[in-house]
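Residue 49 in the numbering used here is what sits at position 37 of the sequence shown, and the numbering runs on without skipping anything. Every residue, glycine too, gets a C-beta built ideally from N, C-alpha and C. All values derive from a computational prediction rather than experimental measurement. The structure under discussion appears below in the form of C-alpha coordinates.
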Amino acid sequence: PLAHGRFFPDFVCQLTDGRMLVVEYKGEAYATNDDSAEKRAVGEKWAQLSEGKCLFIMAVKKDAHNRDVRGQLQALISLNS
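Here it is, written out as C-alpha coordinates:
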(Lines of atoms letter the chains of each structure in order from A and count residues from 1; the text may use other names and numbers.)
(Lines give C-alpha, C1' and ligand atoms only; values in the text may rest on other atoms or scores of the structure.)
Protein backbone atom coordinates (compact mmCIF):
# COMPACT_ATOMS: atom_id res chain seq x y z
CA PRO A 1 0.00 0.00 0.00
CA LEU A 2 0.96 3.60 -0.59
CA ALA A 3 0.18 6.68 1.46
CA HIS A 4 -2.67 7.56 -0.93
CA GLY A 5 -3.87 4.09 -1.94
CA ARG A 6 -2.54 0.94 -3.55
CA PHE A 7 0.22 0.28 -6.04
CA PHE A 8 -0.64 -1.68 -9.19
CA PRO A 9 2.55 -2.15 -11.25
CA ASP A 10 2.47 -2.21 -15.04
CA PHE A 11 3.83 -5.75 -15.46
CA VAL A 12 4.23 -8.76 -13.19
CA CYS A 13 5.77 -11.98 -14.47
CA GLN A 14 7.47 -15.12 -13.29
CA LEU A 15 10.92 -15.73 -14.77
CA THR A 16 11.95 -19.20 -15.97
CA ASP A 17 14.05 -19.63 -12.83
CA GLY A 18 10.98 -19.05 -10.63
CA ARG A 19 11.73 -15.49 -9.51
CA MET A 20 9.06 -12.81 -9.79
CA LEU A 21 9.75 -9.67 -11.80
CA VAL A 22 7.72 -6.51 -11.27
CA VAL A 23 8.06 -3.65 -13.75
CA GLU A 24 6.78 -0.12 -13.29
CA TYR A 25 7.30 2.02 -16.39
CA LYS A 26 7.47 5.79 -16.12
CA GLY A 27 7.65 8.38 -18.85
CA GLU A 28 10.24 11.11 -18.51
CA ALA A 29 7.76 13.63 -17.12
CA TYR A 30 6.73 11.30 -14.26
CA ALA A 31 9.95 9.43 -13.43
CA THR A 32 10.95 11.72 -10.58
CA ASN A 33 7.64 12.90 -9.09
CA ASP A 34 6.57 12.09 -5.52
CA ASP A 35 4.21 9.29 -6.59
CA SER A 36 7.00 7.57 -8.51
CA ALA A 37 9.44 7.98 -5.62
CA GLU A 38 6.97 6.30 -3.29
CA LYS A 39 6.34 3.44 -5.74
CA ARG A 40 10.09 2.99 -6.22
CA ALA A 41 10.62 2.81 -2.45
CA VAL A 42 7.84 0.22 -2.04
CA GLY A 43 9.11 -1.89 -4.95
CA GLU A 44 12.72 -1.80 -3.83
CA LYS A 45 11.77 -2.71 -0.25
CA TRP A 46 9.62 -5.59 -1.50
CA ALA A 47 12.51 -6.92 -3.60
CA GLN A 48 14.96 -6.51 -0.72
CA LEU A 49 12.74 -8.41 1.71
CA SER A 50 12.21 -11.25 -0.78
CA GLU A 51 15.77 -12.52 -0.29
CA GLY A 52 16.41 -12.73 -4.03
CA LYS A 53 13.08 -14.29 -4.99
CA CYS A 54 11.67 -11.05 -6.45
CA LEU A 55 13.05 -8.31 -8.67
CA PHE A 56 11.69 -4.78 -9.10
CA ILE A 57 12.53 -2.15 -11.67
CA MET A 58 11.24 1.34 -12.36
CA ALA A 59 12.01 1.42 -16.06
CA VAL A 60 12.27 4.55 -18.20
CA LYS A 61 12.65 5.10 -21.94
CA LYS A 62 16.43 5.63 -21.58
CA ASP A 63 18.24 5.29 -18.26
CA ALA A 64 21.41 7.02 -17.04
CA HIS A 65 23.49 4.39 -18.88
CA ASN A 66 21.58 5.08 -22.14
CA ARG A 67 19.91 1.65 -22.00
CA ASP A 68 16.42 1.22 -23.40
CA VAL A 69 13.80 -0.70 -21.40
CA ARG A 70 14.98 -4.04 -22.76
CA GLY A 71 18.56 -3.25 -21.77
CA GLN A 72 17.45 -2.20 -18.29
CA LEU A 73 15.54 -5.45 -17.82
CA GLN A 74 18.43 -7.57 -19.10
CA ALA A 75 20.86 -5.81 -16.76
CA LEU A 76 18.59 -6.31 -13.74
CA ILE A 77 17.98 -9.98 -14.44
CA SER A 78 21.62 -10.83 -15.18
CA LEU A 79 22.93 -8.80 -12.22
CA ASN A 80 20.69 -10.75 -9.86
CA SER A 81 21.24 -14.24 -11.32
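Task: Rounded C-alpha distance that separates K74 from Q26 - done: Straight-line Cα distance between these residues: approximately 24 Å.
Task: Selected residue, minimal CA-CA separation from T28, among W58, I69, A71 and K65 - done: Answer by Cα proximity: K65.
Task: V54 burial status per 10 Å Cβ neighbour count (16 or more: buried) - done: V54 counts as buried, since no fewer than 16 other beta carbons sit within 10 angstroms of its beta carbon.
Task: Euclidean distance between Cα positions of V81 and F23 - done: In this structure, the straight-line span from the alpha carbon of V81 to that of F23 is close to 13 Å.
Open item on the list: Using DSSP's beta-bridge definition, name the partner residues of E36.
Closed with: E36 pairs with M70.
Task: Cα-Cα separation between E9 and G39, rounded to whole angstroms - done: The shown model of the chain, from 13 to 93, leaves out residue 9, and the question about it has no answer.
Task: One or two residues paired with Q26 in a DSSP bridge - done: Residue pairing by DSSP places Q26 opposite M32 in a beta bridge.
Open item on the list: Assuming contact is defined by CB atoms lying nearer than 8 Å, are A71 and Y42 in contact in what I supplied?
Closed with: Taking 8 Å as the Cβ cut-off, A71 and Y42 do not qualify as a contacting pair.
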